[in-house]
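Residue numbers (the numbering used here), protein chains in the order written: chain A, 1 to 346; chain B, 1001 to 1346.
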């Protein structure tokens, strides 16, 4: 490590910003001015709305650099923001990225992080248009704002679900959560014995879902192709239960989910059992899957049945019915809202 | 303090967000959807561009809660972002605000902070439209993104200054820096003897410039009224020297500033001397003044002479002349670029 360590301090602020951002090329007509002025300038044509989403990621809370490679972290930090734009039925176009760093980070480490950011910008066709770079006393701080566009009449909110609508999900759930448990276990073992070899063989899928998630660009493209505008949509960041709670509360409806329809990957299922965890609980409350959860009319649902990555998991009901998960045995369980609790991490 | 302490943990994430943001009311037609979905939705009419600016503020680096009241901090955090939008000759319309907080903060403390944010939103007529709220292991983290609009043909960049243009500044410099020295001195004295009474009498102006700066909304309004579009513009956040460096580098020109024209408040001048600091150095390198620095043609300059808060401090020269500050005695000094250095704070 020491042979390749360039102190960030040797570049100064402006040199550092240039170094980190020089290789980003803007590709959108709407990007009129990117990095290098007081503000970025973007412009959309008529009939389009601008979408703005922002996330703050803190070391020790949202990521652990002991097992999260910086390149993956850069990729993930972008993707989780873009996921919010897709969840509005929009297309992300630009991001701003601010970072706070201590002198623990070498320039090479920052380059790894920015290479991940660049890979995500390329994969999702977004421009990096600005940000802020500052020192931090302790810990790595990341703040990203994503800017996107959508047709004015096709923006999808959380509040449009109607009784009788069907609930769809783009992929399987719980893998990111189980991936995190695997990484945490290896971290504990490593702390006890640094000579141990990590046992993550055949866990690529689970670990990958945690460290390098993808946003559901293709779902949005597919919906547009089929001329479907969902009645409500949200991305699964805090867990299915929490997201259903948002949709139902804001739409003033209830829901009935079928446990047997909830997609769980075989690796997730088996590994959950090895950890003595209930696979369905992991799928419902796990979070960080970044799949899209949306509701459509019965007519639109007909166009979606059988399509790859589109699974019907339940239906919207009257508010009085509450939020229900029906088990394979026909038992009804009430869903609970989740979300972080400040007490969890302190 | 303990009688009025509500633990943030008692609300949960969603309760906390609702508590903090419920009293914000959106006032702009362009704000289609604010807080409460995956992304905010804003829309501008034709002939307008959208401006985006973002800042990351970290406790211990950008602010010290020992002398910075949380309400003032909330106000300042918003204002410094709006300042960037004004510096593009734009009008800020919306902000997003993300915070990272540890359990050190009570709900009352957060309310103080948000009351400052709200006061700034009101004073500058901007809507709070989204954000992210998370725990932090240590220290208060603030990230703000400001969104504004400008006439497509009236956006002012840093790169348009031309040889012969005159350089204007909206207010006096160095006061925020001297205000910071006063607060730091009182902090040191307090640490040595907690029973000491702070000696900040008659220092309202200096301390106010540091703790509660204002953005130069009226300058932008005045320029529009006079039908003047500056050839370049920037806000003074890092110091006059650093900002002139940005304008000259990006415009490929030099500059000649006259020391005797640089506005320094009498309190700044006297207090600098008491600290054994050179007042002109404080004014040129101090930073955090949030005045606007801009260049205009000689014709436009005629309309500005004598107007309150508009002072000509020099002129744009050929690039070969460099960046020069001419002293009262006629000596020429080269300006140096500043900006933070990561080594300063570590």
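Just so you know, even glycine gets a beta-carbon here, dropped at the ideal spot from N, CA and C.
Residues of chain A whose Cβ lies closer than 9 Å to the Cβ of residue 1138(B) are, in chain order, 60, 137, 138 and 139.
Interface annotation for the segment 1012-1044 of chain B against chain A: 1012, 1013, 1014, 1016, 1032, 1033, 1036, 1037, 1038, 1039, 1040, 1041, 1042, 1043 and 1044, criterion Cβ-Cβ distance under 8 Å.
Restricted to the segment 41-115 of chain A, the alpha helix (DSSP H) segments that are unbroken, complete and at least 4 residues in length are 70-86, listed in chain order. For residue 1295(B), no chain A residue has a C-beta closer than 9 Å to its own C-beta; the minimum C-beta separation is roughly 14 Å. Apart from sequence neighbours up to five positions away, the residues of its chain that approach residue 1304(B) with a beta-carbon distance below 8 Å are 1168, 1226, 1228, 1296, 1310 and 1312, ordered along the chain. Annotated three-state conformation of residue 8(A) is helix, per DSSP.
For the options 1284(B), 1126(B), 1161(B) and 1151(B), the alpha carbon positioned closest to that of residue 1298(B) is the one of 1161(B). When beta bridges are read from the DSSP output, residue 33(A) appears opposite 41(A).
When C-beta atoms of the segment 6-19 of chain A are compared with those of the segment 1013-1031 of chain B, fewer than three pairs fall below 8 Å, so the two segments do not count as touching. Contact of residue 143(A) with chain B is assigned, a C-beta pair being separated by under 7 Å. For the alpha helix (DSSP H) assignment, the uninterrupted runs of no fewer than 4 residues enclosed by the segment 1230-1282 of chain B are, from N- to C-terminal side, 1240-1251 and 1266-1274. Boundaries of the beta strand (DSSP E) around residue 1127(B): 1127-1135.
Among the residues of the segment 1169-1186 of chain B, none has a Cβ less than 8 Å away from any Cβ of chain A.
Residue 190(A) carries a helical assignment under DSSP once its states are collapsed to helix, strand and coil. Taking C-beta separations shorter than 8 Å and ignoring five residues to either side along the sequence, the partners of residue 207(A) in its chain run 179, 182, 183 and 200, following chain order. Residue pairing of residue 1142(B) in beta bridges, as defined by DSSP: 1057(B) and 1099(B).
Cα atoms of residue 1087(B) and residue 1098(B): separation of roughly 23 Å, rounded to the nearest angstrom. The beta-carbon of residue 74(A) is placed no less than 7 Å from the nearest beta-carbon of chain B.
Contact annotation for residue 167(A) against chain B: no contact, minimum CB-CB distance about 17 Å [criterion: below 9 Å]. The Cβ neighbour count for residue 328(A), taken over all protein chains shown within 10 Å, is under 16; the residue is labelled exposed. Between residue 215(A) and residue 289(A), the C-beta spacing is not below 7 Å.
Taking a C-beta distance under 7 Å as the contact criterion, residue 187(A) and residue 66(A) qualify as a contact pair.
Residue 1168(B) is bridged by DSSP to 1294(B) and 1312(B). Close to residue 49(A), with beta-carbon spacing below 8 Å, are these residues of chain B in chain order: 1032, 1041, 1042 and 1043.
Against chain A, a Cβ distance below 8 Å from residue 1130(B) picks out 52, 53 and 54. Taken through DSSP and simplified to helix, strand or coil, residue 1028(B) comes out as coil.
Per the C-alpha coordinates, the member of 1204(B), 1213(B), 1276(B) and 1031(B) positioned closest to residue 152(A) is 1031(B). DSSP places residue 1173(B) outside both helix and strand once states are collapsed to three, so it counts as coil. Non-local C-beta neighbours of residue 170(A) in its own chain, meaning closer than 6 Å and more than five positions away in sequence, comprise 216, 219, 291, 292 and 309, ordered along the chain. Ranking 252(A), 108(A), 77(A) and 107(A) by CA distance to the CA of residue 146(A) puts 77(A) first.
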